[in-house]
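Asker: Each residue of the sequence shown is one higher than the last, beginning at 625 in the working numbering.
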Amino acid sequence: MKTDKNYYITTPIYYASGKLTVGHCYSTVLADICARFYRLNGYNVFYATGSDEHGLKISRVAEQNGMSPQQFVDKTVLEFKEIWKKLGITYDKFIRTTDVEHVELVKKVYDKLFKQGDIYLGEYKGLYCVPCETFFTESQLVDGKCPDCGRPVELTKEECYFLKLSKYQKFLEDYFEQHPNFLVPETRKNEIFNNFIKPGISDLCVSRTTFDWGIRLPFNNKHVAYVWIDALLNYLSVLGYGTENDKNYKDFWPCNVHVVGRDITRFHAIIWPILLKMLDLPLPAQIHSTGFITLKGDKISKSKSNGFDPISLIDRYGADALRYYLAKLGPLYNDIPYTSEQFINTINSDLCNDLGNLVSRTLAMITQYNNSIIPEPKLRDSEETDLETSCNQILDNCITLMKNQNIDQMVNKIFTLIRQANKYIDLTEPWKLSKDSNKKDKLHTVLYYLSETIRIATTLLQAILIEVPAKIFKKFGYEKELQTFESIKKFSTNNYGQKVEKGDNLFPRLDVEKEIAYLDTPNQTENKETKVEKNTQANNAEEKANTINYISIEDFSKVKLLTGKIINSERIEGADKLLKNTVEIGKETKTICSGIAKWYKPEELIGKIVIVVSNLPPRKLRGIESQGMLLCAEDTEKDIISLLTVDKLVSSGCEVC
Ligand code: ME8
625 MKTDKNYYIT TPIYYASGKL TVGHCYSTVL ADICARFYRL NGYNVFYATG
675 SDEHGLKISR VAEQNGMSPQ QFVDKTVLEF KEIWKKLGIT YDKFIRTTDV
725 EHVELVKKVY DKLFKQGDIY LGEYKGLYCV PCETFFTESQ LVDGKCPDCG
775 RPVELTKEEC YFLKLSKYQK FLEDYFEQHP NFLVPETRKN EIFNNFIKPG
825 ISDLCVSRTT FDWGIRLPFN NKHVAYVWID ALLNYLSVLG YGTENDKNYK
875 DFWPCNVHVV GRDITRFHAI IWPILLKMLD LPLPAQIHST GFITLKGDKI
925 SKSKSNGFDP ISLIDRYGAD ALRYYLAKLG PLYNDIPYTS EQFINTINSD
975 LCNDLGNLVS RTLAMITQYN NSIIPEPKLR DSEETDLETS CNQILDNCIT
1025 LMKNQNIDQM VNKIFTLIRQ ANKYIDLTEP WKLSKDSNKK DKLHTVLYYL
1075 SETIRIATTL LQAILIEVPA KIFKKFGYEK ELQTFESIKK FSTNNYGQKV
1125 EKGDNLFPRL DVEKEIAYLD TPNQTENKET KVEKNTQANN AEEKANTINY
1175 ISIEDFSKVK LLTGKIINSE RIEGADKLLK NTVEIGKETK TICSGIAKWY
1225 KPEELIGKIV IVVSNLPPRK LRGIESQGML LCAEDTEKDI ISLLTVDKLV
1275 SSGCEVC
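Below you can see the structure in the form of structure tokens.
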């Protein structure tokens, strides 16, 4: 049974259409911090994430990669899980929309809604954006393009089933009015309510017949389920809803918080509550809508290829650096620009200077002034009372802040305490106390107060950082029972007597200029030459060369580039992206398939001199053996692919060098 102590939090399920970016890590890390915090605070937590695997976009990307959609999503899901593992994401279940229990639930829901008259057959004519899997009206377009991603839309006309959202207009309006915290932040709630709910909710087209990579409707197998209905139901299927094994559903539904990005808030704030109402299920307590992390003014997005690769960031700076940076940005109601400078400076100033220095100064002093043993406190002057008061308030403050997922403010609270402890060192000057034998009691008190403050701050930091807290506890010799929220309810004066170990610094100081150069160089983040510690000293020419990710001339010369003349080109049945080209390369002729059908008609290609990568191993595409690759330039912004050709008329078979 759901109780007040059972907490269910979700992230969006990410499209399995390509790589995850720092932007995707944002919602996942925030939700993970909430999950960890609530567990530490004695709650039973269910934290769910997963992958959204159906739809036209995924089947097209799979085809471009020469794979079946299932093969493609299987591979992508492994990559997702690898990132979540590296980032220390403690999800309780990862749901895939291709999982049998999910597919069965989607079918059951469609069947029920069809039978109860909430789904009916009609015809849809509209402008469809494939990457966003969304229909738009003419007036919603911006310069004739998708208002969300700026790409061209396609005119689509098809028979389809509609979901009767309009019938629930009044229900949703009343619900929003009676539940002011259903959607946060307030600005987003007002935007959704005034612009999308109040003007009238239209029925939604919830099936497709133009592609088949989706869940077939039980009452008409020509149709597959609309990806958004399919995707939203993950929040129920992940709990086993609708199966015999539905204990998690009983214990955790309704959801406490769905963390979503602002671009998908509409789906969660309109379709999702109505869908649940149709199913006669309680609604989630809250939808928390975040803004975007932007890079040079754009949402960091894989479809625009400008994302930073989280794996490389983690490999170089550690998971804690990325988690801390994202946590500090907080529930960003507005878009927040990502800059390498801000990332590096945050690590240096907060983790290295404030936290790292507090820990290393305290350990060094305990080692030097008290034979590595945490001393017993003997006094309490006003500065100790101040520190103690801050320590006594911090847990309650954090619990209050986390009721509304105010993670950035929690980070701020913890680091204010850490800075207060650093100031306490400057104020009490233990190095002077150590020289005066009459001040021994004060010296011991200072060392103790520092250790206890570090213990309290570190206990809270366990929600945010995954490696550093354990290292700090180990250095101070604090056992498990001194790492719990229960143990930091009150500042204690009894935790003395353990031996400390100085060990390594927690965070190496980063060379700002060098790291910014590393991060801002294109493709640098793909370079897995890992941890920054290895590079902090060296500054020689060879190392500089490495940071630009050069390849050797020998490596380049392994790629055999030749000119080729296209002597025939034709479409491939059933593959709307691919063209099968016959290319003359000197005396040889090769078959080369290219995903350029959207940009070239076969007849336009005949006679063109193109650049062929001629020593790639043959591979099968749609049953045809493709024996090389034609080089193209891709402008992802304008959605143009342009074949590389030559400036002067040369023969086929010439070396490109
Ligand atoms: O939308 N900053 O999947 P998705 C902040 N499958 N958030 C960002 C971001 C950025 N730069 N880039 C992406 C989908 N996101 C659907 C969800 S849920 C039932 C189905 C966020 O992989 C984005 O706002 O395109 C969204 O919340 C999430 O990542 C998933 O994006």
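Think of the CB as a built atom: it goes at the ideal place given N, C-alpha and C, for glycine as much as any other residue. Here the structure is a predicted model, which is why all the values come from computation and not from measurement.
Can you tell me where the alpha helix (DSSP H) holding Val701 begins and where it ends?
Answerer: First-last of the alpha helix (DSSP H) with Val701: 693 to 710.
Asker: What residue from Gly1252, Asp1060, Asn972 has the CA that sits closest to Asp1135's CA?
Answerer: The residue with the shortest Cα to Cα distance from Asp1135 is Asn972.
Asker: Is the closest heavy atom of the ligand ME8 to the C-beta of Leu856 under 6 Å?
Answerer: Checking the Cβ of Leu856 against the ligand ME8 gives yes.
Asker: Indicate whether the contact test is met: 3 or more Cβ pairs, each with one atom in the stretch 1226 to 1238 and one in the stretch 1185 to 1195, closer than 8 Å.
Answerer: Touching, per the Cβ criterion.
Asker: Does the ligand ME8 have even one heavy atom less than 6 Å from the beta-carbon of His648?
Answerer: Under cutoff, so the answer is yes.
Asker: To which residues of the same chain is Ser913 closer than 6 Å at the C-beta, ignoring the five residues directly before and after it?
Answerer: Closer than 6 Å at the Cβ level, and outside the excluded window around Ser913, lie Arg812, Val884, Arg886, Thr889.
Asker: Going by DSSP in three states, Ser973 sits in which element: helix, strand or coil?
Answerer: Helix, per DSSP.
Asker: May I have the straight-line CA-CA distance separating Cys753 from Thr963, to the nearest angstrom?
Answerer: Each residue's Cα considered, the two are about 30 Å apart.
Asker: What whole-angstrom Cβ distance do Ile682 and Val701 have, given they're in contact under 8 Å?
Answerer: Not really, about 12 Å apart at Cβ, beyond 8 Å.
Asker: In terms of residues, what are the limits of the alpha helix (DSSP H) holding Cys784?
Answerer: Looking at the DSSP string, Cys784 is not in any alpha helix (DSSP H); the run it does join, the beta strand (DSSP E), is 778 to 787.
Asker: So, do the stretch 651 to 661 and the stretch 763 to 776 have three or more beta carbon pairs nearer to each other than 8 Å?
Answerer: Counting Cβ pairs under 8 Å, fewer than three are found: no touch.
Asker: Would you call the CB atoms of Thr991 and Lys1126 closer than 7 Å?
Answerer: Yes, Cβ-Cβ distance for Thr991 and Lys1126 is below 7 Å.
Asker: Short of 7 Å in beta carbon distance, which residues of its chain neighbour Asp735, apart from the five on each side in sequence? Order them along the chain.
Answerer: Result list for Asp735: Pro842, Phe843, in chain order.
Asker: Is DSSP giving Tyr941 helix, strand or coil here?
Answerer: In the structure shown, Tyr941 sits in a helix (DSSP, three-state: H, G or I).
Asker: By a C-beta neighbour count over all protein chains shown, 10 Å radius and 16 as the cutoff for buried, is Val724 buried or exposed?
Answerer: Exposed is the call here.
Asker: When you compare only the Cα positions, how much space is there between Asn819 and Tyr639?
Answerer: Each residue's alpha carbon lies about 27 Å from the other.
Asker: Three or more beta-carbon pairs under 8 Å between the stretch 1053 to 1071 and the stretch 682 to 694, yes or no?
Answerer: The stretch 1053 to 1071, when compared against the stretch 682 to 694, does not touch it at the 8 Å Cβ threshold.
Asker: Taking the Cβ atom as the reference point for each residue, do Val862 and Ala1094 lie within a distance shorter than 7 Å?
Answerer: It is not a contact, given that the beta carbons lie outside the stated cut-off.
Asker: Could you check what DSSP says for Ser1250 in three-state terms: helix, strand or coil?
Answerer: Looking at Ser1250 - three-state DSSP - the assignment turns out to be strand.
Asker: Kindly confirm or deny that the stretch 708 to 720 and the stretch 660 to 676 touch, where touching means at least three C-beta pairs closer than 8 Å.
Answerer: Enough Cβ pairs lie closer than 8 Å, so yes.
Asker: Check whether the Cβ of Val685 sits closer than 6 Å to any heavy atom of the ligand ME8, and report yes or no.
Answerer: Checking every heavy atom of the ligand ME8 against the Cβ of Val685, none is found closer than 6 Å.
Asker: Quick test of your reading: Ser790 and Ile825, contact by CB under 8 Å. State the CB separation rounded to the nearest angstrom.
Answerer: Correct: roughly 6 Å between the Cβ atoms.
Asker: For a minimum of 3 consecutive residues, which ranges assigned as the beta strand (DSSP E) are wholly contained in the stretch 855 to 891?
Answerer: Those beta strand (DSSP E) runs which fall completely within the stretch 855 to 891 and span 3+ residues are 881 to 885.
Asker: If you check the beta carbons only, do Thr634 and His892 fall under 7 Å apart?
Answerer: The answer is no: Cβ separation not under 7 Å.
Asker: Between the alpha carbons of Cys829 and Lys1262, how many angstroms are there, rounded?
Answerer: So the alpha carbons of these two residues sit roughly 29 Å apart.
Asker: Is any heavy atom of the ligand ME8 found at a distance shorter than 6 Å from the C-beta of Gly885?
Answerer: Yes, Cβ of Gly885 sits closer than 6 Å to a heavy atom of the ligand ME8.
Asker: Which term fits Ile1209, buried or exposed, when burial requires 16 or more other beta carbons within 10 angstroms of its beta carbon?
Answerer: Flag for Ile1209 reads buried.
Asker: How big is the Cα-Cα spacing for Ala1169 and Phe1100?
Answerer: In this predicted model, Ala1169 has a pLDDT of only 29, less than 50, meaning its place in the structure is not dependable enough to derive any value.
Asker: List the endpoints of the continuous beta strand (DSSP E) containing Gly746.
Answerer: Gly746 -> beta strand (DSSP E) spans 743 to 753.
Asker: Taking the straight line between their C-alpha atoms, what separation do you get for Arg663 and Ile1090?
Answerer: Looking at the two C-alpha atoms, the distance is approximately 14 Å.
Asker: Over what stretch of residues does the beta strand (DSSP E) that includes Arg1243 continue unbroken?
Answerer: Looking at the DSSP string, the run of the beta strand (DSSP E) that includes Arg1243 is 1243 to 1245.
Asker: Can you give me the C-alpha to C-alpha distance between Glu1110 and Leu1019, rounded to a whole angstrom?
Answerer: Cα-Cα distance, rounded: 10 Å.
Asker: Name the DSSP beta bridge partners of Thr1082, please?
Answerer: Thr1082 is not bridged to any residue.
Asker: When every heavy atom of the ligand PLP is checked, does at least one fall within less than 6 Å of the C-beta of Phe786?
Answerer: For the ligand PLP, the structure offers nothing, since it holds only the ligand ME8.
Asker: Return helix, strand or coil for Ile1172, following the three-state DSSP convention.
Answerer: Its pLDDT being 36, under 50, Ile1172 is placed unreliably in this model, and the value from its coordinates should be taken loosely. Reduced to three states, the DSSP call for Ile1172 is coil.
Asker: If we count Cβ pairs, one from each stretch, closer than 8 Å, do we get three or more for the stretch 1192 to 1202 versus the stretch 1234 to 1243?
Answerer: Verdict: no, contact absent.
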